[in-house]
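Student:
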Amino acid sequence: MNIRDYLSNSAYFNKTIPDSDRAASTDIKVLGIQWNAEGDTLSLKCVEKQSVKVSKRTVLSQINGYCFDPLGLLTPLLIPAKIFLQDLHKKNIYVTTTSCGNRKDSRLFTAKSKIAPISKEQTIPRLELLSIFIGLSLAESTIQRIDTKFEQINVFSDSTIALCWVQGNRRLPSIVSTLVQKIGAIAKRLRESTQVVFFHVPTNENVADCATRGVSKDDLAKHRWWSGPIWLNQPSDLWPVKKAEDLCQQSSGSEYEAALYASNTEEHTIVPIWPTEKFSSYSKLVRIVAYCARFIRNATKGRCLPLSRKGLQTESPSAEEATIAERLVIRQEQTIFKSELLLQNTQLNVRIDKEGIYRRFGRLQNADLRFSTVNPIHIPKQSKLGPLIALSLHKALAHCGSNQLLYNIRRRFWIPLDRSLCKRTLKNCSTCRKANAVPYKYPSMGPLPSERVTQSPPFSYTGVDFLGPITTKSSSGEDCKRYVALFTCLVTRLVHLEVAMDLSAKNFIFALKRFIARRGVPRKIISDNGTNFQLTESLLSRNQAVEDVSLSSFLADYRILWTFIPPSSPWMGGVWERMVGTVKRSFQKTVGRRKLTDELLHTTLCEIESVVNSRPLTTIGDRDFPLRLFALLILFIKMYAMEHLSLH
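Final position of the sequence shown in the numbering used here is 966; the numbers increase by one with none missing.
1. Please list, in chain order, all residues of the same chain as Pro558 whose beta carbon is under 8 Å from its beta carbon, the five residues on each side excluded.
2. From Ala526 to Val498, what does the alpha carbon distance come to, in whole angstroms?
3. Extract the residue ranges of the beta strand (DSSP E) inside the segment 738 to 794, only unbroken runs of 3 or more that lie entirely within it.
4. At which residues does the beta strand (DSSP E) containing Ser475 begin and terminate?
5. Alpha carbon to alpha carbon, how far is Asp358 from Phe331? Give it in angstroms, no decimals.
6. How is the beta strand (DSSP E) around His712 delimited, first residue to last?
7. Mark Val365 as exposed unless 16 or more other C-beta atoms lie within 10 angstroms of its C-beta, in which case mark it buried.
8. Return the residue from the list Gly891, Ile707, Asn684, Arg730 that minimises the CA-CA distance to Arg742.
9. Apart from the five residues just before and just after Arg678, which ones in its own chain have a Cβ nearer than 6 Å to its Cβ?
10. Using a Cβ cut-off of 8 Å (strictly closer), state whether Asp337 contacts chain D.
11. Can you tell me whether Glu356 is buried or exposed, with buried defined as 16 or more other CB within 10 angstroms of its CB?
12. Could you check which residue in Arg444, Pro840, Arg463 has the C-alpha nearest to that of Thr478?
13. Quick one: grab the DSSP three-state call for Asn551.
14. Going residue by residue through the segment 464 to 524, where are the continuous beta strand (DSSP E) segments of at least 3 residues, counting only ones entirely within it?
15. With 16 as the cutoff for other CB atoms within 10 Å, does His541 come out buried or exposed?
16. What's the gap between the Cα of Ile788 and the Cα of Arg903?
17. Looking only at its own chain, which residues have a Cβ that is under 7 Å from the Cβ of Pro900, when we skip the five neighbours before and after it?
18. Please name the residue in Ser328, Lys333, Tyr324 whose C-alpha comes closest to that of Asp339.
19. What did DSSP end up calling Asn684 once you bin it into helix, strand or coil?
20. Go through its chain and collect everything with a Cβ distance to Gln485's Cβ below 6 Å, but skip five positions before and after it.
21. Quick check: Trp894 and Asp820, are their CB atoms within less than 8 Å of each other?
22. Just verifying my parser: in three-state terms, what is the DSSP assignment at Tyr801?
23. Between the Cα of Leu673 and those of Gln652, Ala803, Leu682, spot the shortest distance and give me the residue it belongs to.
24. So what's Val589 in DSSP terms, helix, strand or just coil?
25. Can you tell me which of the three DSSP states Ser845 falls into?
26. With distances taken Cα to Cα, identify the nearest neighbour of Ala505 among Ser545, Asp476, Ser492, Ile461.
27. So what's Ala429 in DSSP terms, helix, strand or just coil?
28. Would you call Ser601 buried or exposed, if buried means 16 or more other Cβ atoms sit within 10 Å of its Cβ?
29. Is the segment 841 to 850 in contact with the segment 765 to 782, if contact means three or more CB pairs nearer than 8 Å?
30. Please state the DSSP three-state secondary structure of Trp557.
31. Do Lys702 and Glu595 have their CB atoms nearer than 8 Å?
32. Under 8 Å by Cβ, that's how I've got Pro635 and Ala608 pegged, so tell me the actual separation to the nearest angstrom.
33. Quick one: grab the DSSP three-state call for Cys610.
34. If you draw a straight line from the alpha carbon of Asn410 to that of Gly680, how long is it in whole angstroms?
35. Would you check if the segment 742 to 755 and the segment 802 to 817 touch, i.e. whether three or more CB-CB distances between them fall below 8 Å?
36. When you compare each of Glu638, Thr632, Glu633 to Pro624 by their alpha carbons, which one comes out closest?
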């Protein structure tokens, strides 16, 4: 066998192992760690080494050789020792002495370095300024810990910009200004006991560069890092350096020229042919671009922007011309903000299609959906085209809510932060602001009745109400009043709209017959105490005779339970009053003060019914496909209607 022996923490299982394959002892090593099978425990062996000579090497050997702990079980115990080892490597102290014969000899006394952070991009002058701060801080801490008098502290740096920041008094960025203030505070404290002078040293004479670039082991042994530059032991007037204050005065004259030169540079930008920020309507923008494309097509005799089919050219742009114009506008905005698209390429898989338009390619390539839904067009976040598209869809959908607007935007386009864009569109819409203004605070809501929370097919429990009158214009030009019977499902909140000639019970029964023929027979109808509703209820319950034979048979076939809310209690009919408000708001925003004909009124109500019933039921997430009311309507209505027709 390849495995030497077997052992388990279960005594029963160990008995089933043959003696030749079972381990002889219950104390064995598993990956270098002692394991006791009987107690099922791990043991770590710690060894404390004794050394006469103490150095960094012996300290490191003591910490690493103290215990073999690959699992990190003793991490809390070893953390203080590792912090102590880190402190030992932070500071390297050396001594500079002067012999009795006044011979100067420089030696490295202490050193400290810091690696530039990866998370933030820093400029070279800022890093040089940080090195000056670290050097002064190290000098101050060293002076506080040793009992030695220093005549002068010299700070050398090869960065002219950093030294001018320290010596100057100009207004600087917040990060630079903070470091300059800290450097000035340390220098002020040091000047109480000694002099502090800043010098500019040439880069080739700066021996501290090896701490930032690194050197090999052989080069480090003979490097000037240990003793400093040669001229440091010579008189100060022979040093190849310049004082920082003199250097900043010399460079002050050229500073203005550099700033003036930088102000004359400008970034190359793309000038749009059709600036979207100058348009207030998306349809108007597309229409103007379509006219421009038509002019180019006529001027080039069809060589540029040709149409696929030739026909009679109308005054207004055709559907194909509008499609070409929309494509031109989108390509223009994507070209202007191409850098954003390239950045989104790795995160959202944004690629260019065969028409030259950037799209977001998702994972539903094999789904039976439209190409624009699976791969929506990417509209840059900074472009003004996104708000124009959102406002156009918002008006086209009868000033719908943010969730429905978001759903319709994502059917064709992908706009970063589109949810906040939808909310901002509704907030800036003047029509919605006037219509949604609330004069007072609504009272607290009560518990829902049983009809609202009972699982049932759509329109099994129905609320009904009238809205109107709506002034229409007849074929002879006379004004007529029409009313709308609104049927709403108490469970799914679907709506059904029927036009009634007047408020009579007869016309309402005709509307009810059309509703039942299309939506099925409801089990229960709830309404307010309108006289037409009360008369209809009495006819359905056969409390009154009906002259019309067909109407009488209809009322006898369908036994519908009809209940009324208490008199003078309109708030108890909030389930239909809310839908009445939704329909009226959409109707007022769409029609305004125009007078429609009867045919146009029927068409408008059907469109509003479709818009209201297509709203999403739940909040739309970033990657969700919402459930809409139409899904419930298509699933149940036909089965429920056929069931009642077969019974009667």
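Backbone N, C-alpha and C define an ideal beta-carbon position, used for all residues, glycine too.
Because the structure is a prediction, the values reported are computed rather than measured.
Tutor: Checking against the coordinates, here is how it stands:
1. Reading the sequence shown from its first residue, position 240 is the one you call residue 558. Cβ within range, chain order: Val519, Pro520, Glu523, Trp549.
2. Here residue 526 is taken as the residue at index 208 of the sequence shown, counted from 1. Here residue 498 is taken as the residue at index 180 of the sequence shown, counted from 1. Computed Cα separation, rounded: 21 Å.
3. Along the length of the segment 738 to 794, whole beta strand (DSSP E) runs at least 3 residues long occupy 779 to 791, reported in chain order.
4. Locating residue 475 in the sequence shown gives position 157, where the first residue counts as 1. Its beta strand (DSSP E) spans residues 470 to 475.
5. Translated into positions along the sequence shown, residue 331 becomes position 13. Translated into positions along the sequence shown, residue 358 becomes position 40. Distance between the alpha carbons of Phe331 and Asp358: 14 Å.
6. As a position in the sequence shown, residue 712 is number 394, starting the count at 1. Note, His712: premise wrong, no beta strand (DSSP E); alpha helix (DSSP H) at 703 to 714.
7. Along the sequence shown, one-based indexing puts residue 365 at 47. Flag for Val365 reads exposed.
8. Stepping through the sequence shown from its first residue, residue 742 is reached at position 424. When only C-alpha atoms are compared, the closest one is Ile707.
9. Reading the sequence shown from its first residue, position 360 is the one you call residue 678. Within its own chain, the residues whose Cβ lies closer than 6 Å to the Cβ of Arg678, once the five positions on either side in sequence are excluded, are Leu666, Val668, Pro694, His696, Trp732, listed in chain order.
10. Here there is only one protein chain, and chain D is not present.
11. Residue 356 sits at position 38 when you count from the first residue of the sequence shown. Answer is exposed; the Cβ neighbour count stays below 16.
12. Residue numbering aside, residue 478 sits at position 160 when the sequence shown is read from its first letter. For Thr478, the nearest C-alpha among the options comes from Arg444.
13. Locating residue 551 in the sequence shown gives position 233, counting from the first residue. Helix, per DSSP.
14. Listed in chain order, the complete beta strand (DSSP E) runs (minimum 3 residues) inside the segment 464 to 524 are 470 to 475, 513 to 518.
15. One-based indexing of the sequence shown puts residue 541 at position 223. His541 comes out exposed.
16. Counting from one through the sequence shown, the residue named residue 788 turns up at place 470. Counting from one through the sequence shown, the residue named residue 903 turns up at place 585. Cα-Cα distance, rounded: 13 Å.
17. Here residue 900 refers to the residue found at position 582 when the sequence shown is read from its first residue. For clarity, residue 900 is Thr in the given sequence; the question names Pro instead. Closer than 7 Å at the Cβ level, and outside the excluded window around Thr900, lie Val930.
18. Position 21 of the sequence shown holds residue 339. Asp339 has its Cα closest to that of Tyr324, out of Ser328, Lys333, Tyr324.
19. As a position in the sequence shown, residue 684 is number 366, starting the count at 1. Looking at Asn684 - three-state DSSP - the assignment turns out to be coil, as it is neither helix nor strand.
20. Residue mapping note: residue 485 aligns to position 167 of the sequence shown, counting from 1. So the qualifying residues of the chain are Ala562, Glu563, Cys566.
21. Along the sequence shown, one-based indexing puts residue 894 at 576. Along the sequence shown, one-based indexing puts residue 820 at 502. Cβ distance not < 8 Å, so Trp894 and Asp820 don't count as in contact.
22. Sequence index remark: in the sequence shown, residue 801 carries index 483 (1-based). It is a strand residue.
23. Locating residue 673 in the sequence shown gives position 355, counting from the first residue. The sequence shown places Glu at residue 673, not Leu. Closest in alpha carbon position to Glu673, among Gln652, Ala803, Leu682, is Gln652.
24. Along the sequence shown, one-based indexing puts residue 589 at 271. In the structure shown, Val589 sits in coil (DSSP, three-state: anything other than H, G, I, E or B).
25. Along the sequence shown, one-based indexing puts residue 845 at 527. If DSSP states are grouped into helix, strand and coil, Ser845 belongs with the strands.
26. For the purposes of this step, residue 505 is taken as residue 187 along the sequence shown, with counting starting at 1. Of the candidates Ser545, Asp476, Ser492, Ile461, the one whose C-alpha sits nearest the C-alpha of Ala505 is Ile461.
27. In the sequence shown, counting from the first residue as 1, residue 429 sits at position 111. In this structure, Ala429 counts as coil in the three-state DSSP scheme.
28. Position 283 of the sequence shown, counted from the first residue, corresponds to residue 601. Residue environment analysis places Ser601 among the exposed positions, since fewer than 16 neighbouring C-beta atoms fall within 10 angstroms of its C-beta.
29. The segment 841 to 850, when compared against the segment 765 to 782, does touch it at the 8 Å Cβ threshold.
30. Locating residue 557 in the sequence shown gives position 239, where the first residue counts as 1. Correct three-state label for Trp557: coil.
31. Here residue 702 refers to the residue found at position 384 when the sequence shown is read from its first residue. Here residue 595 refers to the residue found at position 277 when the sequence shown is read from its first residue. Between Lys702 and Glu595, the C-beta spacing is below 8 Å.
32. For the purposes of this step, residue 635 is taken as the residue at position 317 of the sequence shown. For the purposes of this step, residue 608 is taken as the residue at position 290 of the sequence shown. Contact holds; Cβ gap of about 4 Å.
33. Translated into positions along the sequence shown, residue 610 becomes position 292. Of the three classes helix, strand and coil, the one that applies to Cys610 here is helix, per DSSP.
34. The residue given as residue 410 occupies position 92 in the sequence shown. The residue given as residue 680 occupies position 362 in the sequence shown. Residue placement at Asn410 is flagged as unreliable, the pLDDT there being 42, under the threshold of 50; a coordinate-derived value is accordingly withheld.
35. With the rule of 3 Cβ pairs closer than 8 Å, the segment 802 to 817 does not count as touching the segment 742 to 755.
36. For the purposes of this step, residue 624 is identified with residue 306 of the sequence shown, where counting begins at 1. Out of Glu638, Thr632, Glu633, Glu638 has the C-alpha closest to the C-alpha of Pro624.
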